[in-house]
Amino acid sequence: GEIQSPDVVMKNKSTTIYGNIVAFDQSPVNKDLLYVGTDDGLIQVSTDGGKTWNKKENFPGVPSLTYVNMVWASQHDENVVYAAFNNHKRGDFKPYILKSTDKGNSWASISNDLPERGNVYSVAEDHVDANLLFAGTEFGCYVSVNGGGNWVELSSGLPTIAVRDMAIQKRENDLVLGTFGRGFYVLDDYSPLRNMKEEDLNADAKIFPIKTALEYVEAQPFGLRGTAGQGHSMYSAPNPDFGATFTYFVKDKPKSPKEIRQESEKKAKEAGEDIDYPTHEEFVKEDNYEDAYLLFVVKDANGNEVRKIRKSASTGIKRVTWNLRYPAVTPIRLKKGQTGRYSNPNEGPLALPGKYTVELWQADNGTMKKLSNPVGFEVKALENSSLERQTEANMAFKKEVQELRRKIRGSGNEQSELDTRLSHIKAAIQYYPGADLVWMEEVKALEKLSHDIGIDMWGDYHKSRRDVETVPGTGSRVENIVWNTWYSTSDPTTTNKEQLELAKEEYTSIRSRLDDFRARVIALESKLDSKNIPYTPNRPNWKED
-15 GEIQSPDVVM KNKSTTIYGN IVAFDQSPVN KDLLYVGTDD GLIQVSTDGG
35 KTWNKKENFP GVPSLTYVNM VWASQHDENV VYAAFNNHKR GDFKPYILKS
85 TDKGNSWASI SNDLPERGNV YSVAEDHVDA NLLFAGTEFG CYVSVNGGGN
135 WVELSSGLPT IAVRDMAIQK RENDLVLGTF GRGFYVLDDY SPLRNMKEED
185 LNADAKIFPI KTALEYVEAQ PFGLRGTAGQ GHSMYSAPNP DFGATFTYFV
235 KDKPKSPKEI RQESEKKAKE AGEDIDYPTH EEFVKEDNYE DAYLLFVVKD
285 ANGNEVRKIR KSASTGIKRV TWNLRYPAVT PIRLKKGQTG RYSNPNEGPL
335 ALPGKYTVEL WQADNGTMKK LSNPVGFEVK ALENSSLERQ TEANMAFKKE
385 VQELRRKIRG SGNEQSELDT RLSHIKAAIQ YYPGADLVWM EEVKALEKLS
435 HDIGIDMWGD YHKSRRDVET VPGTGSRVEN IVWNTWYSTS DPTTTNKEQL
485 ELAKEEYTSI RSRLDDFRAR VIALESKLDS KNIPYTPNRP NWKED
């Protein structure tokens, strides 16, 4: 507001005589159409490749001399251009995004419902839908599906950080953000945003169109997951989730009885009224409520269920990925442990390329409700293999391995349960009056039988723990086949085929002896019943006289 003295410190050292060009763009539609933004609030336009320029210095709602952070020419319409202004140096933190539809001759604000506090640094326009815009601000990234009429924050996985620049990878439809001090962030395949309509957000739920999933065997360049043994000297960032990614919207989440009660109590307190204290029956209902969850059901082209994926119930737009594998056939477990450093996740084989569908269900206290009809998608093989890709015959072999593995692993757990029952029988004979000590002979015989079954199932640990070579057990043969074929799309080797036939033959004998083991354990339990011995695990008739 005043003319500075020539003696002001650094007046002619750290300041410039002229305004600097700080933003520039060339129209993708017309190479001769150029836009320049300066640090003193001007936008200059050239329609003849820079020979002549037309200056614009007044913009609606934007204070004069406001820094032009970015100019962005539309790739859809030669007449459309966007500009972002930044006035934070004067303590003004409002967002300023403007749009011109006449090559910069007139401008209109499209900031609309962006937060009042949060300078805009960058703008990006979708290459397919001209109304799909992104804005990078001081406090995150926002998206508009109606040309700037309304803005919604993209907050999932992105910290509250200044988004200084952004770019779109057109082939993959990825939005790449450059932030201030927090690195790069990538929103993989934002294309579902193009299909978002108001009626979709008013529906109970929706699964948006699904991108074709490329099937391949993931590489482990450092030997194991992540940097493996390379340590922190080797940088590694996570890849996008492998498989078919489902982008979905859920409008409402079922409320538990406790949540309903708490909302009612809050309203009563706000109104200055007494709350209704719950009855005993209402407390029981609260305590027994099963939390809501979502279930995605994947089916093949013949309508056969291939995979189920469970997710916690939540509202809004979310994502879940199917890794293109069948489920494991190992015994059902309620909790999954962490995958070991030297092992692979417990999964089934890769599904065949082809057509699939996915549908969405929601559980409310155990009551299942279908939220969406099946949505189709395709799985395609990534053609980068010199060997033949996975075929129906290959899958038939793997399914045969899966079935034998299911039986062997189930029989292994069954044997463990029988061992537990036998241990309790042994304790009952040793400590409880009336149990005939002669029965201990059968206990010892059964312990020997179980020992021999275990050796045949998993190999001779007496030798292996002493570093002596031993013939693999039946289960070990099958697990070796799984290790060799689950992460390959090529046909199984002759060795794997021979190992499967050997395992099938050996398992027949093991199953017969395991059935005998079970029958003799049950016979011993019947003897305990005859003496009214206290309960032992899985003994059905312990309570009879």
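Residue numbers (this note's numbering): -15 to 529. A virtual CB, placed ideally from N, CA and C, is assigned to each residue, including glycine. Since we're looking at a predicted model, the values are computed, not measured.
Roughly how many whole angstroms lie between the Cα atoms of residue i and residue j?
i, j, result
"T144", "K481", "55 Å"
"E257", "K251", "8 Å"
"N89", "K40", "7 Å"
"V(-8)", "R148", "33 Å"
"N130", "L49", "29 Å"
"F123", "A67", "19 Å"
"L177", "I244", "33 Å"
"Y415", "A503", "24 Å"
"L484", "R461", "7 Å"
"V170", "G120", "13 Å"
"N525", "D513", "7 Å"
"N349", "S248", "20 Å"
"K253", "K269", "23 Å"
"V6", "E362", "46 Å"
"D188", "L355", "7 Å"
"I259", "T299", "28 Å"
"N464", "D499", "26 Å"
"S448", "W423", "33 Å"
"A365", "G287", "21 Å"
State buried or exposed for residue i, treating a residue as buried only when at least 16 other CB atoms are found within 10 Å of its CB.
i, result
"H408", "buried"
"L421", "exposed"
"E376", "exposed"
"F164", "exposed"
"T351", "exposed"
"D23", "buried"
"T598", "Absent from the structure is residue 598, since the part of the chain shown begins at -15 and ends at 529."
"P222", "exposed"
"T532", "Past the edges of the chain, shown from -15 to 529, lies residue 532, and the structure says nothing about it."
"D110", "buried"
"K382", "buried"
"Q(-12)", "exposed"
"Y219", "exposed"
"T263", "exposed"
"G338", "exposed"
"Q204", "exposed"
"F118", "buried"
"T473", "buried"
"Y261", "exposed"
"S395", "buried"
Since I believe residue j is in contact with residue i (beta carbons under 8 Å), could you give me their beta-carbon distance rounded to a whole number of angstroms?
i, j, result
"D16", "D32", "6 Å"
"L344", "L278", "6 Å"
"L388", "A487", "6 Å"
"N63", "T36", "With 8 Å as the limit, N63 and T36 do not qualify as a contact, their Cβ atoms being about 19 Å apart."
"R303", "T229", "6 Å"
"N96", "W135", "7 Å"
"S434", "F501", "6 Å"
"F69", "Y51", "7 Å"
"I506", "A412", "Incorrect: roughly 15 Å between the Cβ atoms, too far for contact."
"R497", "I439", "Rounded, the Cβ-Cβ distance is 11 Å, inconsistent with contact."
Going by beta carbon distance, what residues of the same chain come within less than 6 Å of residue i, once the five residues before and after it are set aside?
i, result
"D173", "N157 and K195"
"G45", "S93"
"R523", "E509"
"N307", "F226 and G227"
"S175", "N157"
"D113", "R178"
Note down, in chain order, each residue of its chain lying with its Cβ closer than 8 Å to the Cβ of residue i, except the 5 sequence neighbours on either side.
i, result
"E289", "V281, V282 and K283"
"N42", "S48"
"L185", "F233 and K235"
"G360", "I194, K339, Y340 and T341"
For residue i, which residues of its own chain have a beta-carbon under 7 Å away from its beta-carbon, when the five flanking residues on both sides are left out?
i, result
"T314", "N330 and R393"
"T479", "none"
"D444", "T454"
"R291", "V282, W306, Y310 and P311"
Query - Every unbroken beta strand (DSSP E) inside the stretch 174 to 258 [3 residues or more] - result: 189 to 191, 197 to 199 and 228 to 234
**Report entry** Uninterrupted beta strand (DSSP E) stretches inside the stretch 341 to 367 (no shorter than 3 residues)
**Finding:** 351 to 365
Query raised in the report: Counting only runs that start and end within the stretch 30 to 111, where is the beta strand (DSSP E) found for 3 or more residues in a row?
Result: 38 to 40, 51 to 57, 65 to 70, 80 to 84 and 104 to 109
Requested in this report: Run through the stretch 440 to 502 for me and flag every whole alpha helix (DSSP H) of 4 or more residues, listed as ranges in chain order.
Outcome: 445 to 448 and 458 to 469
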